[in-house]
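Below is one structure; the comments refer to it alone.
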Amino acid sequence: MLTALVSTLVLSVLLPWLLEDKIIAMTAVGMAMACWIAVLAVAEAVQRVSRGTKTSLSYWGMVAAHLGLAVTITGIAFSQNYSVERDVRMRAGDSVTIHDYRFTFREVRDITGPNYRGGVALIGVTRHGEPEAVLHAEKRLYNTSR
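Here the sequence shown stands for residues 291 to 436, where the numbers follow my numbering.
What follows is the structure, given as structure tokens:
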């Protein structure tokens, strides 16, 4: 149990630092929860197998569910604390830079589908001046019968 606690504390600080070069307290707390769940689930499974205790499929399902919960908590901890989101109003030709990426709003085109109409915005993405992608953001209005 002490080994699991020490492993959890070390991993909860080490992983955010290795993956993001900085540690945010809430990320460390989330990682502590995720590591605690994962370390204990794996440790108990290893202990059962090494003792030769018969393990059912439902037991392995429980272990997989706990590992899935740990992965989910990790995703939440990182995405909540390391994501960048900006709401900006842009006109055709305007650009916004976020980290190494530059987003340029090119144009909006009208579109019509079988049961909808709407618009698609074309947004060019460059990184260090080199083209990366063109995003096609759509807004659709669906026809309804009244």
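Heads up, the beta-carbon is just placed ideally off N, CA and C, and yes, glycines get one too. On a predicted model such as this, the values are computed, not experimentally measured, just so you know.
Handout entry: Leu425 versus Ser373: straight-line alpha-carbon distance, rounded
Key = Locating residue 425 in the sequence shown gives position 135, where the first residue counts as 1. Locating residue 373 in the sequence shown gives position 83, where the first residue counts as 1. Cα to Cα, the separation comes out at about 19 Å.
Practice task
Taking only the alpha-carbon atoms, compute the straight-line gap between Asn433 and Ile401 and give it to the nearest angstrom.
Solution key: For the purposes of this step, residue 433 is taken as the residue at position 143 of the sequence shown. For the purposes of this step, residue 401 is taken as the residue at position 111 of the sequence shown. Separation of Asn433 and Ile401 (C-alpha to C-alpha, rounded to the nearest whole angstrom) is 13 Å.
Handout entry: Among Met323, Val303, Ala411, nearest to Ile314 - alpha-carbon criterion
Key = Numbered from 1 along the sequence shown, position 24 holds the residue referred to as residue 314. Its Cα nearest to that of Ile314, the residue Val303 stands out among Met323, Val303, Ala411.
Handout entry: Boundaries of the alpha helix (DSSP H) in which Thr387 is found, first to last residue
Key = Along the sequence shown, read from residue 1 onward, the residue named residue 387 stands at position 97. Note, Thr387: premise wrong, no alpha helix (DSSP H); beta strand (DSSP E) at 385-388.
Practice task
Using the Cα positions of Leu359 and Met352, report the straight-line distance between them to the nearest angstrom.
Solution key: What you label residue 359 is simply residue 69 of the sequence shown in a count that begins at 1. What you label residue 352 is simply residue 62 of the sequence shown in a count that begins at 1. So the two alpha carbons sit approximately 10 Å from each other.
Practice task
Examine the Cβ distances between the region 414-421 and the region 386-393 and report whether three or more of them are shorter than 8 Å.
Solution key: In this structure the region 414-421 touches the region 386-393; the number of beta carbon pairs closer than 8 Å is three or more.
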